[in-house]
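The sequence shown begins at 224 in the working numbering and counts up by one.
Cβ coordinates follow ideal geometry from the N, Cα and C atoms, glycine included.
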Amino acid sequence: MMTILSVGAHMDDSEYGMGGILIQAVREGHRVACVVATGDYTSWANTVGREEACKRQQLELAERFGYEKRFLNYKYHQVEPDVTFKKQIAEIYVEVMPDITFVHDTSDHWPDHRACGIGTKDAVIFAHGLSGNLSVPRCPRVFAYNLTPGQQITFEPDYFHDVTDVMPAYMELLQNTDSCLSGKPVEEMPRYEVTDLASGASMKVSSHGWLRMNQCALWGQSTRSSSVYAIGLKNLWGPGEVPLW
Numbered sequence: 224m225m226t227i228l229s230v231g232a233h234m235d236d237s238e239y240g241m242g243g244i245l246i247q248a249v250r251e252g253h254r255v256a257c258v259v260a261t262g263d264y265t266s267w268a269n270t271v272g273r274e275e276a277c278k279r280q281q282l283e284l285a286e287r288f289g290y291e292k293r294f295l296n297y298k299y300h301q302v303e304p305d306v307t308f309k310k311q312i313a314e315i316y317v318e319v320m321p322d323i324t325f326v327h328d329t330s331d332h333w334p335d336h337r338a339c340g341i342g343t344k345d346a347v348i349f350a351h352g353l354s355g356n357l358s359v360p361r362c363p364r365v366f367a368y369n370l371t372p373g374q375q376i377t378f379e380p381d382y383f384h385d386v387t388d389v390m391p392a393y394m395e396l397l398q399n400t401d402s403c404l405s406g407k408p409v410e411e412m413p414r415y416e417v418t419d420l421a422s423g424a425s426m427k428v429s430s431h432g433w434l435r436m437n438q439c440a441l442w443g444q445s446t447r448s449s450s451v452y453a454i455g456l457k458n459l460w461g462p463g464e465v466p467l468w
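Here's what the structure looks like:
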């Protein structure tokens with residue numbers, strides 16, 4: 224069994240950026256731990272007044288899909304890649320000892336995303352100098368994921384992972400995440416219904432799901448296989464030509 228760590232600035236970042244991989248990993252029997260840096264929901268207009276309910280909904284969603292979720296206590300737009308942040312992530316790294324870590328790509332307009340990407344990469348590669356455990360090894364593999372096109376400045380992936388088999392579940396995960404973001408019932412989240420004319424299969428898709436589906440379809444064409452959907456990643460550390468598992 225492998226252990227996979229994903230660190231995101233906000234409640235939906237890991238789910239959006241690598242949710243298909245998250246679902247696949249769980250189904251393969253691997254441990255997946257997701258960290259959210261901005262756990263202070265008094266600092267974002269969308270969550271004021273429903274702070275605990277929002278956090279509870281995220282934990283319930285994680286349990287339903289089989290992954291772990293934990294929160295740091297940063298306010299929105301106040302995450303900094305300083306020694307304090309790096310030490311917090313390094314301590315989690317030493318605790319879970321992931322085989323692969325997924326981080327934000329840093330070419331992003333959102334300051335929290337950039338900060339998390341910089342701080343997390345440093346924390347899992349140089350945990351020996353941040354955690355107090357001088358013998359802890361570096362994370363064997365580190366990849367960067369991207370978010371929506373409107374947030375990203377540039378993103379040039381060099382690694383593509385097929386998620387065709389979990390795309391319906393991926394879209395369901397994003398519907399539930401969008402429900403948590405908005406405070407509206409999950410039944411109100413689907414905006415589109417997409418039908419695969421080859422197989423006849425259809426899936427309901429939220430607004431965020433629609434953006435991600437289009438990106439994944441484009442990346443699917445970049446693989447060397449017959450992938451319909453893939454997640455594009457940027458290899459930051461470790462081997463980039465071998466499968467994730």
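Counting C-beta neighbours from all protein chains within 10 Å, is the total for residue i 16 or more, i.e. buried, or is it exposed?
i	result
N369	buried
G231	buried
S429	buried
H327	buried
G423	exposed
Y297	buried
K344	buried
D305	exposed
P380	buried
Y452	buried
A338	buried
R435	buried
H431	buried
E238	buried
Q444	exposed
Can you tell which of the options has its C-alpha closest to the C-alpha of residue i?
i	options	result
H336	C403, E410, A260	A260
F325	F383, M241, E416	M241
N269	M234, Y290, K310, W433	M234
F175	T307, L441, I312, A421	Since the first and last residues shown for the chain are 224 and 468, residue 175 lies out of range.
R287	A440, S229, N399	N399
I454	H384, L397, E274, K427	H384
L284	T418, M426, V465, S402	S402
D388	P372, M224, Q247	Q247
G243	A440, R447, P462, N458	A440
R447	K457, P466, E303	P466
K278	E291, E303, W267, G262	G262
V469	T307, M390, L353	Since the displayed the chain opens at 224 and closes at 468, residue 469 lies outside it and no answer follows.
Where does residue i fall in DSSP's three states?
i	result
R254	strand
W460	strand
M426	strand
S229	strand
Y239	helix
V409	helix
A421	coil
Would you say residue i reaches chain B, if we count a Cβ-Cβ gap shorter than 8 Å as a contact?
i	result
E464	Although the question refers to chain B, the structure presented lacks it and comprises just one protein chain.
Counting Cβ pairs, one atom from each stretch, are 3 or more of them under 8 Å apart for the stretch 406-425 and the stretch 252-267?
no
For a minimum of 4 consecutive residues, which ranges assigned as the alpha helix (DSSP H) are wholly contained in the stretch 324-404?
334-348
Which residue spans inside the stretch 247-326 form an unbroken beta strand (DSSP E) run of at least 3?
254-259, 291-294
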